[in-house]
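Line by line, the protein sequences are chains A and B.
If you want my numbering, it's the 1-based position in the first sequence plus 25.
If you want my numbering, it's the 1-based position in the second sequence plus 25.
There are 2 protein chains.
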Amino acid sequence: MTGPRWSSEPLDATHDPHIASWVETADGHPDFPLQNLPFGVFVPPKRAGHRQPLPRGGIRIGDRVLDLGALARSGLLMGDAKAGAQAAAGGTLNAFFALGRGARNAVRQRVHTLLTEGAGDRPLVQRLLYDVRDITMELPVAVGDYTDFYAGVHHALRVGELFRPDRPLLPNYPWVPIAYHGRASSVRVSGESVRRPRGQFPATPGGEPRFAPTGKLDFELELGIWVGPGNELGDRIPIGDAGSSVAGFCLLNDWSARDIQAWEYQPLGPFLGKSFATTVSAWVVTPEALAPYRTPAPSRRADDPPPLPYLTDADDQTGGGLDIELEVLLSTAQMRATRVAPQRLSLSSTRYLYWTVAQMIAHHTSGGCNLRPGDLLGTGTLSGPAATARGSLLEMSSNGTRPVEVVTGQTRGFLEDGDEIVLRARAGRPGLATIGFGECRATVVPAEGG
Amino acid sequence: MTGPRWSSEPLDATHDPHIASWVETADGHPDFPLQNLPFGVFVPPKRAGHRQPLPRGGIRIGDRVLDLGALARSGLLMGDAKAGAQAAAGGTLNAFFALGRGARNAVRQRVHTLLTEGAGDRPLVQRLLYDVRDITMELPVAVGDYTDFYAGVHHALRVGELFRPDRPLLPNYPWVPIAYHGRASSVRVSGESVRRPRGQFPATPGGEPRFAPTGKLDFELELGIWVGPGNELGDRIPIGDAGSSVAGFCLLNDWSARDIQAWEYQPLGPFLGKSFATTVSAWVVTPEALAPYRTPAPSRRADDPPPLPYLTDADDQTGGGLDIELEVLLSTAQMRATRVAPQRLSLSSTRYLYWTVAQMIAHHTSGGCNLRPGDLLGTGTLSGPAATARGSLLEMSSNGTRPVEVVTGQTRGFLEDGDEIVLRARAGRPGLATIGFGECRATVVPAEGG
Numbered sequence: 026m027t028g029p030r031w032s033s034e035p036l037d038a039t040h041d042p043h044i045a046s047w048v049e050t051a052d053g054h055p056d057f058p059l060q061n062l063p064f065g066v067f068v069p070p071k072r073a074g075h076r077q078p079l080p081r082g083g084i085r086i087g088d089r090v091l092d093l094g095a096l097a098r099s100g101l102l103m104g105d106a107k108a109g110a111q112a113a114a115g116g117t118l119n120a121f122f123a124l125g126r127g128a129r130n131a132v133r134q135r136v137h138t139l140l141t142e143g144a145g146d147r148p149l150v151q152r153l154l155y156d157v158r159d160i161t162m163e164l165p166v167a168v169g170d171y172t173d174f175y176a177g178v179h180h181a182l183r184v185g186e187l188f189r190p191d192r193p194l195l196p197n198y199p200w201v202p203i204a205y206h207g208r209a210s211s212v213r214v215s216g217e218s219v220r221r222p223r224g225q226f227p228a229t230p231g232g233e234p235r236f237a238p239t240g241k242l243d244f245e246l247e248l249g250i251w252v253g254p255g256n257e258l259g260d261r262i263p264i265g266d267a268g269s270s271v272a273g274f275c276l277l278n279d280w281s282a283r284d285i286q287a288w289e290y291q292p293l294g295p296f297l298g299k300s301f302a303t304t305v306s307a308w309v310v311t312p313e314a315l316a317p318y319r320t321p322a323p324s325r326r327a328d329d330p331p332p333l334p335y336l337t338d339a340d341d342q343t344g345g346g347l348d349i350e351l352e353v354l355l356s357t358a359q360m361r362a363t364r365v366a367p368q369r370l371s372l373s374s375t376r377y378l379y380w381t382v383a384q385m386i387a388h389h390t391s392g393g394c395n396l397r398p399g400d401l402l403g404t405g406t407l408s409g410p411a412a413t414a415r416g417s418l419l420e421m422s423s424n425g426t427r428p429v430e431v432v433t434g435q436t437r438g439f440l441e442d443g444d445e446i447v448l449r450a451r452a453g454r455p456g457l458a459t460i461g462f463g464e465c466r467a468t469v470v471p472a473e474g475g
Numbered sequence: 026m027t028g029p030r031w032s033s034e035p036l037d038a039t040h041d042p043h044i045a046s047w048v049e050t051a052d053g054h055p056d057f058p059l060q061n062l063p064f065g066v067f068v069p070p071k072r073a074g075h076r077q078p079l080p081r082g083g084i085r086i087g088d089r090v091l092d093l094g095a096l097a098r099s100g101l102l103m104g105d106a107k108a109g110a111q112a113a114a115g116g117t118l119n120a121f122f123a124l125g126r127g128a129r130n131a132v133r134q135r136v137h138t139l140l141t142e143g144a145g146d147r148p149l150v151q152r153l154l155y156d157v158r159d160i161t162m163e164l165p166v167a168v169g170d171y172t173d174f175y176a177g178v179h180h181a182l183r184v185g186e187l188f189r190p191d192r193p194l195l196p197n198y199p200w201v202p203i204a205y206h207g208r209a210s211s212v213r214v215s216g217e218s219v220r221r222p223r224g225q226f227p228a229t230p231g232g233e234p235r236f237a238p239t240g241k242l243d244f245e246l247e248l249g250i251w252v253g254p255g256n257e258l259g260d261r262i263p264i265g266d267a268g269s270s271v272a273g274f275c276l277l278n279d280w281s282a283r284d285i286q287a288w289e290y291q292p293l294g295p296f297l298g299k300s301f302a303t304t305v306s307a308w309v310v311t312p313e314a315l316a317p318y319r320t321p322a323p324s325r326r327a328d329d330p331p332p333l334p335y336l337t338d339a340d341d342q343t344g345g346g347l348d349i350e351l352e353v354l355l356s357t358a359q360m361r362a363t364r365v366a367p368q369r370l371s372l373s374s375t376r377y378l379y380w381t382v383a384q385m386i387a388h389h390t391s392g393g394c395n396l397r398p399g400d401l402l403g404t405g406t407l408s409g410p411a412a413t414a415r416g417s418l419l420e421m422s423s424n425g426t427r428p429v430e431v432v433t434g435q436t437r438g439f440l441e442d443g444d445e446i447v448l449r450a451r452a453g454r455p456g457l458a459t460i461g462f463g464e465c466r467a468t469v470v471p472a473e474g475g
């Protein structure tokens with residue numbers, strides 16, 4: 026244990042909504058007020074006559090980014106905070122994630138103090154800030170392995186209804202946090218476009234397959250979890266310690282080609298139907314920032330068995346859930362051409378998770394599989410029970426058979442070239458600040474070779 | 026294209042069985058004569074009063090290993106050969122793999138000359154050799170992503186017969202090179218033990234699951250393929266160019282817990298039943314060394330459709346197959362205690378592959394998924410049609426119901442603690458040298474916590 030449990034971490038001054046920042050755009054910022062302070066990797070602007078700057082770690086505040094390496098060199102940090110900022114100074118946050126909560130929280134606490142209104146060192150810190158309009162964001166880590174869970178029970182139910190009306194939820198669902206290994210190489214940061222994949226699938230059900238651009242390109246709304254300190258191969262992380270292995274959270278769009286997936290997935294699961302792209306938001310929202318928005322573990326359905334002991338922890342039951350609101354927005358090329366604002370396709374929540382993050386980590390490592398700093402976990406698609414809370418077009422359009430109207434005259438069964446999908450997420454609670462994740466954004470470009 | 030196609034590469038002096046080496050243990054070595062020259066990463070012995078040496082790239086010859094970094098510094102290399110040896114001098118071969126065939130073959134050709142009987146520089150080169158008994162081997166690369174195919178058609182048929190007697194081979198099998206994403210973090214080099222995983226599975230069919238050490242621990246005999254130059258996300262590697270993306274081959278044991286796998290795998294495929302360990306052999310056998318042992322692409326069953334155009338290439342049909350003999354040996358703790366030699370469980374071959382390596386790579390990248398240098402592909406279990414050629418205990422023992430006799434009085438349905446599995450492979454042809462892969466060896470140790 027490297028600190029309080031994720032599920033019962035106390036609140037402190039960094040969560041106080043009445044403490045203001047001297048950074049002008051911070052207070053009231055919809056995503057990044059002083060109470061958030063997420064980490065990320067950015068590239069500063071190139072200055073004339075200078076070399077291209079290297080990617081480096083930063084902390085977001087309002088519309089500014091604080092350079093952590095420069096902060097470490099400034100003399101304003103000591104001890105764990107300095108060690109943490111130094112570990113975050115390079116082109117990936119893997120080494121910083123490996124340090125765990127101690128260093129992360131030390132940086133958070135110190136940066137909170139330095140950015141608080143009236144802080145004495147403001148002139149020094151101000152010189153270490155960049156305007157977000159001048160920088161570019163990169164993937165925050167070198168992703169080791171990417172695992173995608175299936176913990177959105179309403180998604181599992183809805184997909185099951187579409188393909189197995191007789192038994193929508195398989196017997197193992199209430200017992201096993203179902204997951205599969207995803208593709209790490211194709212994880213990309215928000216803003217990079219997604220090329221429509223070609224693949225093999227039958228033109229008509231039961232027909233012979235051919236190789237063609239997917240006709241069923243879809244998004245999936247997920248929460249991503251970045252792994253911090255992991256475990257050695259052969260060891261496991263007990264559920265009570267699992268929170269210590271979380272470095273932070275992001276938004277995750279698990280792009281899917283439903284026709285390719287349906288044809289290939291028996292008997293070994295999704296492969297090329299998923300591995301052509303996964304988009305994550307750039308900012309790593311910390312467990313500390315999300316501490317005020319914990320909830321009890323999701324309630325199970327009346328007939329469901331209790332989780333097995335290795336997935337059961339009293340603190341996790343009390344505070345292992347998360348209350349984060351997530352939305353999906355679509356902007357088509359035609360909408361942009363006619364200046365129609367992006368339209369919301371879905372409004373969902375992490376409250377619809379069937380398993381907690383600690384349960385996912387305890388399960389993942391239960392057989393000794395090792396997690397490493399910078400590994401990525403996806404929750405699975407976060408659909409809610411309502412028709413307005415579905416996390417994929419597969420669910421919304423009943424596998425393309427009932428296209429949804431985006432704006433008058435424009436419908437979508439699945440995504441078309443030029444469509445832009447934006448995921449957003451916010452956490453708020455009466456009497457506390459609202460914090461957000463920024464955007465997870467990508468535009469679909471046509472298949473290779475037209 | 027960075028050289029001749031894998032499927033039609035010409036033979037040269039490095040394949041000549043009549044050229045001898047001055048390294049005493051090389052000629053007639055069952056795995057590593059002068060005609061092989063595989064690459065790997067090793068740690069030299071620590072000398073008293075010196076620091077622990079760092080891992081580094083080497084080439085195996087007989088019972089010796091040539092230090093490639095030291096060779097690059099020796100003045101004996103120039104051009105591509107020097108650049109290649111320098112890229113292979115560090116603790117992983119990823120950078121060397123990225124250089125592709127040109128640098129790899131330049132190193133191979135030059136080292137062959139330097140090690141040939143009568144070479145003038147023998148005294149200089151001799152000082153760069155280590156005795157394999159003094160070194161330890163490491164994983165040759167930092168594995169980016171690990172993909173496991175299902176291209177052993179007799180394995181797929183036999184497993185299908187066990188679990189779906191009515192339709193042993195699914196309709197997509199003759200069309201799609203089926204694969205799933207595996208776990209990269211738990212890939213380990215030959216010699217490291219494998220801890221029996223715990224996991225969730227029902228004690229009896231249809232019963233409630235509990236969490237316990239697997240009772241169905243199994244091996245899988247596979248060929249591994251190391252990826253060299255890869256592709257950018259969104260691009261693809263046409264089948265005609267796919268051979269250029271292969272850096273080399275290894276043996277691969279895809280350890281499996283059949284009870285965990287059976288309970289968890291619907292609907293998203295294997296997860297914890299596979300991800301607790303994957304063992305690979307230490308030496309990277311190059312496409313150049315294997316050039317003499319190419320065969321026509323595997324013949325398809327009479328009723329099977331021809332592959333789709335993106336999986337079809339005339340050269341690949343002519344020479345894209347491989348003729349490598351593979352065997353599985355078992356040594357139980359009791360056998361070792363009573364000095365009984367390891368017993369052969371299986372003798373199989375890469376001729377039983379349904380898809381060629383080029384077809385696997387063309388398919389993997391067909392939707393734009395990017396491969397990176399150091400990625401690992403497994404072929405899937407290489408069973409043959411005969412009962413003596415089955416690549417897993419699942420098949421041999423009919424899922425544990427008919428234990429096989431290993432030696433008199435000792436049977437195995439699945440693996441027990443203390444069992445050691447050794448995979449070996451050889452390629453030979455009349456009039457040519459026989460080359461091998463060395464061993465892929467690991468011993469099962471008891472589950473964590475006893």
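We treat Cβ as the ideally placed atom computed from N, Cα and C, and that holds for glycine.
Exercise. Could you say which of R208/B, R189/B, E163/B and A181/B lies nearest to G169/B if we only look at CA atoms?
Key: R208/B
Quiz prompt | Any alpha helix (DSSP H) of 4 or more consecutive residues that is wholly inside the segment 310-363 of chain B | solution = Counting whole runs of 4 or more residues, the segment 310-363 of chain B contains the alpha helix (DSSP H) stretches 312-315, 339-344 and 358-362.
Self-check item: Inside the segment 186-267 of chain A only - alpha helix (DSSP H) runs reaching at least 4 residues
Solution: none
Practice problem: Given a cut-off of 8 Å, decide if R220/A and V470/A are closer than it, judged by their beta-carbon atoms. | Solution: yes
Exercise. My understanding is that V201/A touches E289/B, with C-beta atoms under 8 Å, so please give their C-beta distance in whole angstroms.
Key: 5 Å
Practice problem: Can you tell me which of the three DSSP states N424/A falls into? | Solution: coil
Quiz item: Whose C-alpha, out of P35/A, F122/A, E257/A and D266/A, is nearest the C-alpha of A339/A?
Solution: Selected option, being the one with the closest Cα: D266/A.
Practice problem: Assign E142/A to one of two classes, buried (16 or more other C-beta atoms within 10 Å of its C-beta) or exposed (fewer than that). | Solution: exposed
Quiz item: Residues in the segment 284-307 of chain B with C-beta within 9 Å of chain A's C-beta atoms, listed in sequence order?
Solution: I285, W288, E289, Y290, Q291, P292, L293, G294, P295, F296, L297, G298, K299, S300, F301 and A302
Quiz item: Can L79/A be considered in contact with the ligand NAP, in the sense that its beta carbon sits closer than 7 Å to one or more heavy atoms?
Solution: Inclusion of the ligand NAP in the displayed structure is not the case, the ligand content being empty and no account of it being possible.
Practice problem: Could you tell me whether any Cβ in chain B is nearer than 8 Å to the Cβ of N395/A? | Solution: yes
Practice problem: Please specify which runs of the alpha helix (DSSP H), each continuous and at least 4 residues long, are wholly inside the segment 81-132 of chain B, giving them in chain order. | Solution: 93-98, 104-112 and 119-124
Exercise. With DSSP as the reference, please indicate the residues paired to R449/A in a beta bridge.
Key: E352/A
Quiz item: With a Cβ-Cβ cutoff of 8 Å, do V432/B and Q342/B count as a contact?
Solution: no
Exercise. Verify whether the separation of the beta carbon atoms of Y175/B and A204/B is less than 8 Å.
Key: yes
Self-check item: Assumed close pair H180/A, T375/A - CB separation to whole angstroms, cut-off 8 Å
Solution: Going by Cβ atoms, the distance from H180/A to T375/A rounds to 13 Å, so no, they are not a contact pair.
Quiz item: Helix, strand or coil: how does DSSP classify Y155/A here?
Solution: strand
Exercise. Closer than 8 Å, Cβ to Cβ, to anything on chain A: give me those residues from the segment 188-222 of chain B, in chain order.
Key: L195, N197, W200, V201, I203, A204, Y205, H206, G207, R208, A209, S210, S211, R213, R220 and P222
Quiz prompt | V429/B - containing beta strand (DSSP E), residue span | solution = V429 to V432
Quiz item: From what residue to what residue does the alpha helix (DSSP H) around D284/B run?
Solution: For D284/B, the enclosing alpha helix (DSSP H) stretches over residues R283 to E289.
Self-check item: Through-space distance from A458/B to R152/B, alpha-carbon basis
Solution: 27 Å
Quiz item: Going along chain A in order, which residues have a C-beta closer than 7 Å to the C-beta of Q225/B?
Solution: W200, V201 and L333
Quiz item: Which residues bound the alpha helix (DSSP H) around V382/B?
Solution: Unbroken alpha helix (DSSP H) run through V382/B: V382 to H389.
Quiz item: What is the C-beta distance between I285/A and A387/A, in whole angstroms, given that I count them as a contact (C-beta under 8 Å)?
Solution: Their Cβ separation, rounded to whole angstroms, is 33 Å, which puts I285/A and A387/A out of contact at 8 Å.
Self-check item: Residue nearest to D400/A in terms of C-alpha spacing, selected from S270/A, P42/A, G100/A and C465/A
Solution: S270/A
Self-check item: Per-residue contacts from P230/A into chain B (C-beta, under 8 Å)
Solution: The contacting residues do not exist; P230/A stays about 11 Å from chain B at best.
Quiz prompt | Endpoints, the beta strand (DSSP E) within which G399/A is located | solution = Note, G399/A: premise wrong, no beta strand (DSSP E); not H, not E.
Practice problem: Answer yes or no: do S356/A and A414/A have a C-beta to C-beta separation smaller than 8 Å? | Solution: no
Exercise. With 7 Å as the limit, tell me which residues of the segment 143-177 of chain A have their beta carbon closer than that to any beta carbon of chain B; keep them in chain order.
Key: G169, D170 and Y175
Quiz prompt | Helix, strand or coil at A272/B [DSSP, three-state] | solution = strand
Practice problem: May I have the straight-line CA-CA distance separating M385/A from L248/A, to the nearest angstrom? | Solution: 13 Å
Exercise. With a 10 Å radius around its C-beta and 16 neighbouring C-beta atoms as the bar for buried, classify P230/A as buried or exposed.
Key: With fewer than 16 other Cβ atoms within 10 Å, it is exposed.
Self-check item: Beta bridge counterpart(s) of R369/B as assigned by DSSP
Solution: L354/B
Quiz item: Are there three or more Cβ pairs, one per stretch, closer than 8 Å when the segment 80-97 of chain B is compared with the segment 235-249 of chain B?
Solution: no
Practice problem: For D260/B, return the contacting residues in chain A, with the cut-off set at a CB-CB distance below 8 Å. | Solution: E473
Self-check item: Three-state secondary structure (DSSP) of T50/B
Solution: coil
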